Amino acid sequence: MKSIFIADAHLTGRDDPNQVQLVEFLESLAREDREPESIFILGDLFEFWIGENLVGLYEYGPVTDILRQLNQRGWRITYLEGNHDFFLDPFLARVAGIRICPHSAEAELDGKKFFLAHGDTVNRSDLGYRVLRFLLHNRFVLLLANNLPPGMVWKISFHLAGLSRRHQYLPDQNPLRPVFLNFAREKIRDGFDYVILAHSHQAEILALTENQKSGFYANPGDWMGSRSYLAWDSGELKLRSYKK
Ligand SMILES: [Mn+2]
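Counting from 532, one number per residue, gives the positions in the sequence shown under my numbering.
In structure tokens form, the structure reads like this:
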């Protein structure tokens, strides 16, 4: 069983070179004469997408088209919502032929148990963020997003998304990392073999041992900067980077 894990492309639209490269990468998967696999998208593939946005459908058309083609060829695509893209079910699910998981997902690959999430809700002590998330993830916002003119929603949201742009940290100074590692240890204690989170934009695979049980914390990093992703093949997880 082969699988690909990818996240944080933060695509801004049709002309974004990140989208062009992502489509090339996905097309290369479709072209290769390989058996259908799974793709797990761990959120923030889009700089903004909430609900049923027709501008988004146009701007992100190239990537939703290739996802739908892969799905039609038997690939299974699972989307874990991020903090820039949510309320994606049922619109994006239908358009791109993908399964949407608003919070987290569990998967079993070659007998190994995987826990997957974008990671933005892992830091329980960040009260400010939890309040912001509560304010954004409600039905009233969805109602506005689906009923205001799509161009207006698009402009306002890009402004807001720009405000929440992530800081760039040196690899050993990212404040999310210790929080993610603690969370991964908890999940390994609960019986998971692999805990895959994104959101920090910091790619890595790290072996952890917890109560004599070993497992891995892994993060695909960001497509936006490094074109990195994780690949599961023959029972092994590897960090890769797409080069044309
Ligand atoms: Mn994020």
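We put the beta carbon where it would ideally sit given N, CA and C, even for glycine.
Treat the numbers as computed from the prediction; the structure is a model and nothing was measured.
Environment of residue i [buried if 16+ CB atoms lie within 10 Å]
i: T740; result: exposed
i: V594; result: buried
i: H634; result: exposed
i: Y591; result: buried
i: Y748; result: buried
i: F711; result: buried
i: D721; result: exposed
i: S759; result: buried
i: D641; result: exposed
i: F497; result: Since the first residue of the chain shown is 532 and the last is 775, residue 497 is not available in this structure.
i: G650; result: buried
i: F671; result: exposed
i: D547; result: buried
i: N750; result: buried
i: E578; result: buried
i: G766; result: exposed
i: S772; result: exposed
i: H690; result: exposed
i: S688; result: buried
i: G746; result: buried
Opposing strand residues paired with residue i [DSSP bridges]
i: W763; result: S534, L768
i: I727; result: L647, A749
i: I631; result: Y610
i: L542; result: F577
Supposed close pair residue i, residue j - CB separation, criterion 8 Å
i: V684; j: N549; result: Actually they do not touch by this definition, with Cβ atoms about 22 Å apart.
i: G753; j: H732; result: Inspection of the sequence shows that residue 753 is occupied by Asp rather than by Gly. About 4 Å separates the two Cβ atoms, so the contact holds.
i: I631; j: I570; result: Contact doesn't hold; Cβ gap of about 13 Å is too wide.
i: G574; j: W580; result: About 11 Å separates the two Cβ atoms, so there is no contact after all.
i: L521; j: N654; result: The structure shown does not extend to residue 521, since the chain spans only 532 to 775, so no value can be given for it.
i: K533; j: D724; result: Actually they are not in contact, since the Cβ atoms of K533 and D724 sit about 17 Å apart, beyond 8 Å.
i: A538; j: A762; result: The Cβ separation is near 14 Å, so there is no contact.
i: L611; j: A648; result: 6 Å
i: K744; j: I727; result: No, K744 and I727 are not in contact; Cβ-Cβ is about 17 Å, not under 8 Å.
Extent of the continuous beta strand (DSSP E) run through residue i
i: K775; result: Segment: none, K775 is in no beta strand (DSSP E) and carries neither H nor E.
i: A636; result: 635-640
i: S688; result: Unbroken run through S688 is the alpha helix (DSSP H), 681-694; no beta strand (DSSP E).
i: I787; result: Outside the displayed span of the chain (532 to 775) sits residue 787, for which this structure offers no information.
i: F645; result: 643-648
i: S745; result: 744-750
i: Y610; result: 607-611
i: A738; result: 735-741
Unbroken alpha helix (DSSP H) run spanning residue i, endpoints
i: S757; result: 754-757
i: A715; result: 707-720
i: E558; result: 548-562
i: E578; result: First-last for E578: undefined, no H or E at that position.
i: P702; result: Unbroken run through P702: none, as it is neither H nor E.
i: L619; result: Segment: none, L619 is in no alpha helix (DSSP H) and carries neither H nor E.
i: N602; result: 592-603
i: N678; result: 670-678
i: V653; result: Taken as a continuous stretch (DSSP letters only), V653 belongs to no alpha helix (DSSP H), as it is neither H nor E.
i: R661; result: 658-667
Test: residue i CB closer than 8 Å to a CB of chain B
i: G628; result: Annotation note: the requested chain B is absent from the structure, which comprises a single protein chain.
**Asked** Do the region 614-634 and the region 736-754 meet, that is, are 3 or more Cβ pairs less than 8 Å apart?
**Response** The region 614-634 vs the region 736-754: no contact.
**Message:** Any contact between the region 675-684 and the region 598-606? By contact I mean 3 or more CB pairs, one from each, below 8 Å.
**Reply:** no
**Request:** Would you be able to state if there are at least three C-beta pairs under 8 Å between the region 662-674 and the region 553-571?
**Result:** Touching, no.
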